[in-house]
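Take a look at the structure below.
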Amino acid sequence: MELNVDAISNYLQRLINGIPMQYQVMETVLGNIGYFCINGLAIIGKLDEVLSPERKKEIIDWVYTNQVQPPLLGGFRHSPAHFTPNHTVEETHIVMTFSYLAMLILLGDDLSRVDTKRVMESLHRLQLPNGSFLSHTLGSEDDLRFVFSAAATCKMLGTNDGVDVEKAIEFILSCQTYEGGFAYRPGDESHGGATYCAVAALDLWGALDRIKDKRLLAYWLSQRQEDGFNGRAHKLTDTCYSFWIGSPLSVLGWFDDIVDKRRLTSFIFSNYCDNGQFRPNSHDDPDIVHTFFSLSGLSLAGYPGTEPIHPSLGIVRKYIPERILNPQI
1 MELNVDAISN YLQRLINGIP MQYQVMETVL GNIGYFCING LAIIGKLDEV
51 LSPERKKEII DWVYTNQVQP PLLGGFRHSP AHFTPNHTVE ETHIVMTFSY
101 LAMLILLGDD LSRVDTKRVM ESLHRLQLPN GSFLSHTLGS EDDLRFVFSA
151 AATCKMLGTN DGVDVEKAIE FILSCQTYEG GFAYRPGDES HGGATYCAVA
201 ALDLWGALDR IKDKRLLAYW LSQRQEDGFN GRAHKLTDTC YSFWIGSPLS
251 VLGWFDDIVD KRRLTSFIFS NYCDNGQFRP NSHDDPDIVH TFFSLSGLSL
301 AGYPGTEPIH PSLGIVRKYI PERILNPQI
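Residues in the sequence shown are numbered from 1 upward in steps of one, following full-length UniProt numbering.
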């Protein structure tokens with residue numbers, strides 16, 4: 001099976017150049033769509049080929065239009081459409097901050113225009129006494145999705161200032177269930193996405209050794225593979241879990257021992273569509289989310305034609321500066 005990089009590249013470029021009608025309802029997560037497209041191009045080795053330095057600069061400048069200005073909380077909002085000059089609502093979103101920072105890194109920006117001090121003040125405001133994080137200050141949920149976003153933001157900006165890392169780690173550890181995986185919140189069911197967020201955040205904060213029961217975690221992760229991976233017991237396999245389950249296995253050094261790569265890659269390719277997209281499974285239509293995570297799963301499996309992805313940050317490794325990977329340098 002050969003990866004059709006030209007078709008995939010054309011699809012991702014079309015999304016970068018204009019959001020089609022089917023994604024108009026996703027305008028509030030433009031940062032995520034951009035992250036999926038640019039990172040996807042990087043995975044298939046096409047990013048520097050199809051985006052000229054001038055086009056990269058255009059996208060970088062656009063990203064910075066989403067940086068929230070004083071007196072509102074620091075960080076990034078969903079998109080320019082979510083701002084008017086007389087807007088007094090705090091629009092910063094913790095996931096968008098992660099997504100836009102990742103885009104900037106992939107595009108070669110040095111982050112010098114990021115208001116790091118105000119971003120960290122925002123994370124301080126969004127952290128709860130139990131260590132978890134809100135996504136924004138207007139009554140959002142709090143769970144491991146936003147803990148991961150905070151950890152990744154800290155890693156990319158090279159600082160934990162204002163964040164109670166110990167409290168965050170304690171919250172993460174409290175989410176491990178009797179099954180071995182992690183739930184989004186204490187007392188909930190183990191879930192593949194939550195387990196990725198937990199393991200990745202612990203890795204980014206240097207606390208993998210504090211996982212309470214690694215053997216049970218390894219068993220739970222191993223039980224997720226049928227052909228592809230499912231996200232929890234008795235659920236359908238789905239290409240997005242190629243990354244959500246594959247990443248923690250990779251972070252913990254278990255991927256090669258536990259994963260049947262042939263079955264995984266066969267499952268991913270069985271859900272490839274001729275228009276350059278991947279679908280979740282045979283029951284659903286293709287989309288950008290599952291296209292990106294299918295490519296990420298192939299990268300984790302070391303599939304020919306893919307660039308290695310950093311399993312915790314979820315960014316193609318060769319684009320991450322050494323100052324982020326090894327901050328002591």
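For glycine and all other residues, C-beta sits at the position ideal for the given N, C-alpha and C.
It should be emphasised that the depicted structure is a prediction, and the values quoted were computed from it without experimental measurement.
Among all the DSSP beta bridges, which residues are the ones paired with F229? F229 pairs with Q225.
Just to confirm, is the Cβ distance from I38 to M103 under 8 Å? Going by C-beta atoms, I38 is nearer than 8 Å to M103.
Tell me whether S260 sits in a helix, a strand or coil according to DSSP, three-state version. Before going further, note that residue 260 is Asp rather than Ser in the sequence given. D260 carries a coil assignment under DSSP once its states are collapsed to helix, strand and coil.
Do you know offhand how far F76's Cα is from V147's? In a straight line, the C-alpha of F76 is about 16 Å away from that of V147.
Is it the case that the stretch 107-118 contacts the stretch 58-70, given that we only count it when at least three CB pairs across the two stretches are under 8 Å? Touching, yes, given that three or more Cβ pairs across the two stretches are closer than 8 Å.
How many Å lie between N275 and D213 at the Cα? N275 and D213: Cα-Cα distance of roughly 43 Å.
With three or more C-beta pairs closer than 8 Å as the rule, is the stretch 262-278 touching the stretch 204-223? With the cut-off at 8 Å, the stretch 204-223 and the stretch 262-278 do not touch.
Helix, strand or coil at L15 according to DSSP, with G and I counted as helix: DSSP places L15 within a helical segment (H, G or I) once states are collapsed to three.
Looking at A201 and A194, is the spacing between their C-beta atoms short of 8 Å? For A194 and A201, no; Cβs fall outside 8 Å.
Cβ of E307 within 8 Å of Cβ of I105? Their beta carbons are not under 8 Å apart, which means E307 does not touch I105 by this criterion.
Among the candidates D61, V63, L123, K155, whose CA atom is the shortest distance from the CA of L325? Of D61, V63, L123, K155, the residue nearest in Cα terms is K155.
Excluding sequence positions up to five away, which residues of its chain have a Cβ less than 7 Å from the Cβ of H290? Hits under 7 Å: T239, C240, F278, R279, P280.
What did DSSP end up calling Y272 once you bin it into helix, strand or coil? Y272: strand per DSSP, three-state reduction.
Based on Cα-Cα distance, which residue from N160, A152, H310 lies nearest to M120? In terms of Cα proximity to M120, the closest of N160, A152, H310 is N160.
Runs of alpha helix (DSSP H) lying entirely within the stretch 98-184, each at least 4 residues, in chain order: Counting only runs of 4 or more, we get 116-126, 144-157, 165-174.
Terminal residues of the alpha helix (DSSP H) in which F76 lies: No alpha helix (DSSP H) holds F76; DSSP gives it neither H nor E.
Looking at the secondary structure, which residues open and close the alpha helix (DSSP H) in which residue 353 lies? Nothing in the structure corresponds to residue 353, since the chain is present only between 1 and 329.
In terms of alpha-carbon separation, which member of L123, L300, F267, S149 lies closest to L204? Checked all of L123, L300, F267, S149; the closest Cα to L204 is S149.
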